[in-house]
Amino acid sequence: MKALRIDHVGIVVKDIDQATATYARHFDLQVDPSRGGEIPALGIKNAFMPIGDSALEFIQPLTDQGPVAQFAKERGEGQYLLSIEVDDVAAAVEHLRGLGYRVGDPNNGIAFVSPRSSHGVNLQLIQRSAR
Amino acid sequence: MDGIGATHIDHIVIASNDSGAVAETFQRNLGLEIKRTMTRPGTGAQLAFAKLQEVVLEFAGPPEPKPGEEVKARLWGIVLAVRDIRAAVDRLRAFGCEVGDPKPAVQPGALIATVKSGTHGVPFALIQYEAISPATGAPA
Chain A
313 MKALRIDHVG IVVKDIDQAT ATYARHFDLQ VDPSRGGEIP ALGIKNAFMP
363 IGDSALEFIQ PLTDQGPVAQ FAKERGEGQY LLSIEVDDVA AAVEHLRGLG
413 YRVGDPNNGI AFVSPRSSHG VNLQLIQRSA R
Chain B
133 MDGIGATHID HIVIASNDSG AVAETFQRNL GLEIKRTMTR PGTGAQLAFA
183 KLQEVVLEFA GPPEPKPGEE VKARLWGIVL AVRDIRAAVD RLRAFGCEVG
233 DPKPAVQPGA LIATVKSGTH GVPFALIQYE AISPATGAPA
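Chain order of the listed sequences is A and B.
Per my numbering, the first sequence starts with residue 313, numbered consecutively.
Per my numbering, the second sequence starts with residue 133, numbered consecutively.
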């Protein structure tokens, strides 16, 4: 597999509107209206603020279930996830599974790696060309 | 200058109790190349750096990992590159953010300032390269 770049950093927040307003005011970042929204299957809503060749993703849990809600419950707000763009997400998943790690099936060009593969860091692999 | 003049994410810090082991895992599993390792002057922290285009992943850990301890890591902080760190610090302070004074970074010629509030739980820092003379510490 080949890691190409950091696609985005996921940050869990309590109130996405308040957080993006803060980052707009303090860091002059703007929400990308073409990305983000509610994702009921994951129990979250998100918003992306591009910076340079990457972005910050703000993630607000909408339910008290799931890993994002669990993170918010245990740690409050903070960095949650590192998303790395790869050239071939299916090959990357196969590669990591070959090393014995747990990786979810790619869905819409995205696969989530079990934090056990990376000493507790939540990793997402993303293939932009597959989205 | 518009805003704080942030241009990109300069680096992302992954803190752990064994930076060498975590860097090695990322290198092996994700194909990252560790470009540099060093000991942070003053604290003795062990640092390893990999770069993916414009963003550096910094693996940071204590001077001596404890033998036998399970290796644990977490995303810790984000460093934004800015064009003028003093102006950026002034602007954030004007918004009421708690920001440290710019000080020399481990990167030669760079100044770094920590942003201690106003970031929704994310430790932030600002960095400006070519801010000072690496030889004298005088403003560049």
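Heads up, the beta-carbon is just placed ideally off N, CA and C, and yes, glycines get one too.
Keep in mind the model is a prediction, meaning the values are calculated, not measured.
Buried versus exposed, by CB contacts within 10 Å (16 or more), residue 437 (chain A): Looking up residue 437 (chain A) in the first sequence gives position 125. Classification for residue 437 (chain A): buried.
Using 8 Å as the cut-off, can you tell me whether the segment 363-380 of chain A makes contact with the segment 321-329 of chain A, which would need three or more C-beta pairs spanning the two stretches below that distance? yes
In three-state DSSP terms, what is residue 161 (chain B)? To locate residue 161 (chain B), count along the second sequence from 1; it is residue 29. The answer is helix: DSSP assigns residue 161 (chain B) an H, G or I state.
Would residue 374 (chain A) pass as an interface residue toward chain B - the criterion being a Cβ-Cβ separation below 8 Å? Against the first sequence, residue 374 (chain A) aligns to sequence position 62. Not an interface residue.
Expected contact under 8 Å - CB spacing of residue 242 (chain B) and residue 259 (chain B) to nearest Å: Looking up residue 242 (chain B) in the second sequence gives position 110. Looking up residue 259 (chain B) in the second sequence gives position 127. 6 Å between Cβ atoms; contact.
Residue 341 (chain A) and residue 184 (chain B): beta carbons closer than 8 Å? Translated into the one-based positions of the first sequence, residue 341 (chain A) becomes position 29. Translated into the one-based positions of the second sequence, residue 184 (chain B) becomes position 52. For residue 341 (chain A) and residue 184 (chain B), no; Cβs fall outside 8 Å.
Residue burial classification, residue 349 (chain A) (beta-carbon count within 10 angstroms, cutoff 16): Position 37 of the first sequence holds residue 349 (chain A). Label assigned to residue 349 (chain A): exposed.
Go through its chain and collect everything with a Cβ distance to residue 198 (chain B)'s Cβ below 6 Å, but skip five positions before and after it. For the purposes of this step, residue 198 (chain B) is identified with residue 66 of the second sequence, where counting begins at 1. Same-chain partners within the cutoff: there are none.
For the alpha helix (DSSP H) containing residue 440 (chain A), list its first residue and its last residue. Taking the first sequence and counting its residues from 1, one reaches residue 440 (chain A) at position 128. Per DSSP, residue 440 (chain A) belongs to no alpha helix (DSSP H) and is neither H nor E.
Judging by CA-CA distance, which residue of B:192, B:145, B:221 and B:238 is the nearest neighbour of residue 232 (chain B)? The residue you call residue 232 (chain B) lines up with position 100 of the second sequence. Looking at the Cα atoms, B:221 is the closest of the given residues.
Flag this pair as touching only if the segment 382-396 of chain A and the segment 204-213 of chain B have three or more C-beta atom pairs under 8 Å; answer yes or no. yes
Unbroken alpha helix (DSSP H) run spanning residue 381 (chain A), endpoints: As a position in the first sequence, residue 381 (chain A) is number 69, starting the count at 1. From DSSP, the alpha helix (DSSP H) with residue 381 (chain A) extends over 379-387.
I want to see whether chain A comes within less than 8 Å of residue 151 (chain B), judged by CB atoms only; does it? In the second sequence, residue 151 (chain B) corresponds to position 19, counting from 1. Cβ-Cβ to chain A under 8 Å: no for residue 151 (chain B).
Cβ contact (3+ pairs, closer than 8 Å) linking the segment 371-380 of chain A and the segment 350-359 of chain A: yes
Beta-carbon spacing of residue 161 (chain B), residue 194 (chain B) below 8 Å: Within the second sequence, residue 161 (chain B) is the residue found at index 29, counting from 1. Within the second sequence, residue 194 (chain B) is the residue found at index 62, counting from 1. Their beta carbons are not under 8 Å apart, which means residue 161 (chain B) does not touch residue 194 (chain B) by this criterion.
In chain A, what lies closer than 8 Å to residue 192 (chain B) by C-beta? To locate residue 192 (chain B), count along the second sequence from 1; it is residue 60. Here the premise fails: no neighbours, minimum Cβ distance about 13 Å.
Measure from the alpha carbon of residue 172 (chain B) to the alpha carbon of each residue in B:255, B:265 and B:236, then state which is nearest. Numbered from its first residue, the second sequence carries residue 172 (chain B) at position 40. Taking only the C-alpha atoms, the option nearest residue 172 (chain B) is B:236.
Beta carbon proximity, residue 274 (chain B) to chain A, threshold 8 Å: Here chain B has residues from 133 to 272 only, and residue 274 (chain B) is not among them.
Anyone know if the C-beta pair for residue 313 (chain A) and residue 332 (chain A) falls short of 8 Å? Along the first sequence, one-based indexing puts residue 313 (chain A) at 1. Along the first sequence, one-based indexing puts residue 332 (chain A) at 20. Contact: no.
For residue 166 (chain B), which of B:175, B:176 and B:155 has the nearest alpha-carbon? Locating residue 166 (chain B) in the second sequence gives position 34, counting from the first residue. Measuring from the Cα of residue 166 (chain B), the nearest candidate turns out to be B:155.
Close beta carbons around residue 186 (chain B), own chain, < 6 Å, minus the five adjacent residues each side: Taking the first residue of the second sequence as position 1, residue 186 (chain B) is located at position 54. Hits under 6 Å: 140.
Which residue marks the beginning of the beta strand (DSSP E) containing residue 193 (chain B), and which one marks its end? Indexing the second sequence from 1 puts residue 193 (chain B) at position 61. Segment 187-193, the beta strand (DSSP E) holding residue 193 (chain B).
Counting along the chain, where does the alpha helix (DSSP H) carrying residue 408 (chain A) start and finish? To locate residue 408 (chain A), count along the first sequence from 1; it is residue 96. Element bounds for residue 408 (chain A): 401-410.
Going by alpha carbons, who is nearest to residue 433 (chain A) out of B:138, B:147 and B:136? Position 121 of the first sequence, counted from the start, is the residue given in the question as residue 433 (chain A). The candidate whose alpha carbon is nearest that of residue 433 (chain A) is B:147.
By the 10 Å Cβ neighbour count, where 16 or more other Cβ atoms means buried, how is residue 227 (chain B) classified, buried or exposed? Translated into positions along the second sequence, residue 227 (chain B) becomes position 95. Under this definition residue 227 (chain B) is an exposed residue.
In terms of alpha-carbon separation, which member of A:404, A:410 and A:334 lies closest to residue 435 (chain A)? As a position in the first sequence, residue 435 (chain A) is number 123, starting the count at 1. Comparing Cα positions, the closest option is A:404.
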